[in-house]
Amino acid sequence: MAGKNLIIECDVALIHAAYLLTCLVVEDKRLSNNAQDPEAQAIAEAIAAVQANNRIRKNSSLPPLTEFTMPFMTMKGAEPTMYTITVTADLLSAIETGSYPDEAVVVKRAMPSWKVAGQFIVGNNTGMEALNRRRIIMGDLDAFRRLVRELRRPLHPMFA
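Per full-length UniProt numbering, the very first residue in the sequence shown carries number 1; after that it's consecutive.
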């Protein structure tokens, strides 16, 4: 992919008034097990969002970030899985040149509380139909919202 410009589109993006991307959501659209993994797509979109944010910062006479932790999530039906990836200048440079980064890229995935609580299946449904699961999932989403707010601080002076 080195030397090629690609357009990556996510399903939902949280964009601040300064047009800075602060969070991404990618829906799992797989119809079969042979389709692409939504995690890989979401990781690519998170990295692309950091590249876009650095372009916006440059156009706003701000220096590009040398490191930014981008929060993102995938949705399988009504079940979210939350992630963060720390995108470094080294990683962005490696992607642009088609080489490997010098340091490992770490993607952190949060174990959903409803899985930790042992509520893998409530009745015959797997979404938010069961009230107890809905409360747990909404609690996870609220915690993720607070994380997004905290992680966006380095993007622009207005978030400080």
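Glycine residues also receive a C-beta, built at the ideal position from the N, C-alpha and C atoms. A quick note: this is a predicted structure, and the numbers were derived from the prediction, not measured.
Residue i at chain C interface by Cβ criterion, 7 Å
i	result
methionine 82	The structure shown contains no chain C; it is built from a single protein chain.
Whole-number beta carbon distance between residue j and residue i, since they are thought to touch under 8 Å
i	j	result
threonine 69	threonine 86	5 Å
leucine 151	asparagine 53	That pair is no contact at about 12 Å.
threonine 84	lysine 108	5 Å
Residue burial classification, residue i (beta-carbon count within 10 angstroms, cutoff 16)
i	result
alanine 42	buried
threonine 66	exposed
methionine 82	buried
methionine 26	Reading off the sequence, residue 26 comes out as valine, not methionine. With 16 or more other Cβ atoms within 10 Å, it is buried.
leucine 6	Unreliable placement is indicated for leucine 6, whose pLDDT of 49 sits below 50; no coordinate value is reported for it.
asparagine 132	exposed
valine 106	exposed
leucine 141	exposed
methionine 73	buried
Cross-strand partners of residue i (DSSP beta bridge)
i	result
lysine 76	Glu79
methionine 70	Ile85
valine 26	Thr74
lysine 108	Thr84
Whether or not the stretch 37-48 and the stretch 56-63 are in contact is what I'm after, with contact meaning three or more pairs of Cβ atoms, one per stretch, closer than 8 Å; do they touch? no
Please determine if the stretch 94-108 and the stretch 130-144 are in contact, where contact requires at least 3 C-beta pairs separated by less than 8 Å. no
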